[in-house]
Amino acid sequence: MRLAELVWNEDLALPHVDVDEARQWTLHVLGKGQRLRAIPLPGVCLLALRAYRRAVGLPADPPADERLPLIHSERGRALGPSGLYDEVRALFALAASRVPVDDRAMRAALDRASTHWLRHGYARTLVVDHGVPLPVAQALLGHASVQTTAAYARTGQAETRAFVEESFPDRTERSS
Numbered sequence: 001m002r003l004a005e006l007v008w009n010e011d012l013a014l015p016h017v018d019v020d021e022a023r024q025w026t027l028h029v030l031g032k033g034q035r036l037r038a039i040p041l042p043g044v045c046l047l048a049l050r051a052y053r054r055a056v057g058l059p060a061d062p063p064a065d066e067r068l069p070l071i072h073s074e075r076g077r078a079l080g081p082s083g084l085y086d087e088v089r090a091l092f093a094l095a096a097s098r099v100p101v102d103d104r105a106m107r108a109a110l111d112r113a114s115t116h117w118l119r120h121g122y123a124r125t126l127v128v129d130h131g132v133p134l135p136v137a138q139a140l141l142g143h144a145s146v147q148t149t150a151a152y153a154r155t156g157q158a159e160t161r162a163f164v165e166e167s168f169p170d171r172t173e174r175s176s
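Structure, rendered in structure tokens:
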């Protein structure tokens, strides 16, 4: 998801969440190129979003007619791109403050982290770590071209060798 996709658009009432009869959420956003996208949200996101909604005095599940920003300021107003970015950076700073002082690499990574860094990490997790089919990852990431998504599938020699070894095991019988 892009930062811009989470910014409230009053005219379109987006981003907007639909909750189905099984209490599963679908997030509707206005994506790049003014394309509407529907993104199914996993249970782990629902736990966090429901807790957030309760913390700000809203019902855990949004009613069908709700016209509120998904994420808003302490005063209940929609956050713009810089406000959302600042909130994410503040969370990274808090996380960095809790990392042991001697773990300089982790502290430095969190200092450099951004919303775009999260997006790239998510893309790589989908494509490489979880082996999500490229067309599914493309839809989740909102890429116009599957080639853009495929760029995250680049692997090193070690991963390539492991794949080849798993795919073509040695089935020859060895005599004693």
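Using UniProt numbering, the first residue of the sequence shown is number 1, and each one after it goes up by one.
Yeah, the Cβ is synthetic: ideal placement off N, Cα and C, and Gly gets one too.
Less than 8 Å between the CB atoms is what I'm expecting for residue i and residue j, so what's the real figure, rounded?
{"i": "T155", "j": "Q138", "result": "Contact doesn't hold; Cβ gap of about 18 Å is too wide."}
{"i": "L3", "j": "V17", "result": "Not a contact, Cβ separation roughly 18 Å."}
{"i": "L19", "j": "D61", "result": "The amino acid occupying residue 19 in the given sequence is Val; Leu does not appear at that position. About 5 Å; that satisfies the 8 Å criterion."}
{"i": "A78", "j": "P69", "result": "4 Å"}
{"i": "D111", "j": "A123", "result": "With a Cβ gap of about 22 Å, D111 and A123 do not count as contacting."}
{"i": "L41", "j": "W25", "result": "4 Å"}
Does the beta-carbon of residue i have 16 or more other beta-carbons within 10 angstroms, so that it is buried, or is it exposed?
{"i": "A151", "result": "exposed"}
{"i": "V101", "result": "exposed"}
{"i": "V7", "result": "buried"}
{"i": "R67", "result": "exposed"}
{"i": "G142", "result": "buried"}
{"i": "R23", "result": "exposed"}
{"i": "V29", "result": "buried"}
{"i": "L12", "result": "exposed"}
{"i": "R161", "result": "exposed"}
{"i": "E165", "result": "exposed"}
{"i": "L84", "result": "buried"}
What's the gap between the Cα of residue i and the Cα of residue j?
{"i": "S145", "j": "P59", "result": "38 Å"}
{"i": "A158", "j": "T172", "result": "24 Å"}
{"i": "H120", "j": "S82", "result": "19 Å"}
{"i": "V127", "j": "A48", "result": "24 Å"}
{"i": "I39", "j": "A90", "result": "26 Å"}
{"i": "V88", "j": "D170", "result": "49 Å"}
{"i": "G76", "j": "R53", "result": "11 Å"}
{"i": "G57", "j": "V99", "result": "32 Å"}
{"i": "L134", "j": "L140", "result": "10 Å"}
Query - alpha helix (DSSP H) runs wholly inside the region 127-167, at least 4 long, in chain order - result: 134-141, 146-150, 157-167
Requested in this report: Within the region 18-75, note down every full alpha helix (DSSP H) run reaching 4 residues or more, in order along the chain.
Outcome: 43-55
Query raised in the report: Would you say the region 20-39 touches the region 102-115, given that touching needs at least three Cβ pairs under 8 Å?
Result: no
Requested in this report: Ignoring anything shorter than 4 residues or poking outside the region 73-102, list the alpha helix (DSSP H) runs there in chain order.
Outcome: 81-97
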